[in-house]
Amino acid sequence: MKNSYKIESVDFCMLDYKCPYLKDRKTRMYYKFIPNASKELCSLLIARGWRRFGYSYFHPICKDCNECKSLRIDVRNFKYSRSQKRTIKRNSDTYIAIQKPSVSYSHIELYNKFHQYKSKKDDWPYHKIDIQSYYEEFVQGAYDYGKEVLYFKDKKLIGVDLIDIVDDGISSIYFFYDPDYSHLSLGVYSLLVQIDLAKKMGLKWIYLGYWVEGCKSFAYKTNFKPYQLLDGFPPLDKEPEWK
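Letter by letter, the sequence shown follows residues 1100 to 1342 in this note's numbering.
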């Protein structure tokens, strides 16, 4: 079924910069700034490979490269592995709260601690975030479909998962955690929580963003089976062909 949805947006793209996924390559992102995106529009864009931060929806438009494939988990047919079952058991006393996205000094401290850790461990570029920047990226633009899943241990905030609950699934926006609790495998656990939430809500998919073959940072995504991949970023008047 073709869709004639009209988007009122400001479109722009970034200059080329170093690709975070493939060495010796450059990447460029195409953006749509949409201050009043409805849940319906968000759902249509997510199903076609777009990602959302704040009011901005984006996807790569890299020259001579098409390695970024969108990946989504088939919730209804998902099977837990032994390792994933152990992760659930390991987090049996982790407290979870789901609410509208918010910002606090605890959020900022945790975000910066996580990124300092990833900078040392995985050579991520480190840019300290402040409250205003965090608000613009993760709080504004959420409307009624954006949520945050908070993880607590002994009343201490140890993880924040930003998600959009769209018409047919859950879109994973961003997750960060306290590296002092790495032994809990919180990244894996957060996805298992999303899958459980989607099942309870009768949703079909977990949209996990991009997967790049050979990229170590994305290797975990294919451990959630079955899954589908989308090649390219089809327009709204064309149905996406997930395979």
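Ideal placement from N, C-alpha and C gives every residue a C-beta, glycine not left out.
This structure is a prediction, so every number in the text was calculated from the model and none was measured.
query: For the beta strand (DSSP E) that contains Cys1112, what are its first and last residues?; result: 1109-1112
query: Give me the DSSP bridge partner(s) of Cys1270.; result: Note that residue 1270 is Ser in the sequence shown here, rather than Cys. Looking at the DSSP assignment, Ser1270 forms a beta bridge with Asp1263, Tyr1306.
query: Opposite Phe1129 in the DSSP bridges: which residues?; result: The sequence given here has Tyr at residue 1129, not Phe. Answer is Cys1112, His1158, bridged to Tyr1129.
query: Classify Phe1317 as helix, strand or coil using the three-state DSSP reduction.; result: helix
query: Taking 9 Å as the threshold (C-beta atoms), are Phe1177 and Pro1325 in contact?; result: yes
query: Would Leu1114 be called buried (16 or more neighbouring beta carbons within 10 Å of its own) or exposed?; result: exposed
query: By how many angstroms is the C-alpha of Asp1253 removed from the C-alpha of Gly1153?; result: 31 Å
query: Quick one: measure Cβ to Cβ for Tyr1179 and Ser1155, integer angstroms, because I've assumed they're closer than 8 Å.; result: Rounded, the Cβ-Cβ distance is 35 Å, inconsistent with contact.
query: Rounded to whole angstroms, what's the CA-CA distance from Ala1196 to Ser1316? Just pull it up for me.; result: 27 Å
query: Let me know the secondary structure DSSP gives Ala1297 once reduced to three states.; result: helix
query: Please determine, among Glu1139, Arg1147, Arg1124, the residue with the shortest C-alpha to C-alpha distance to Asp1163.; result: Arg1124
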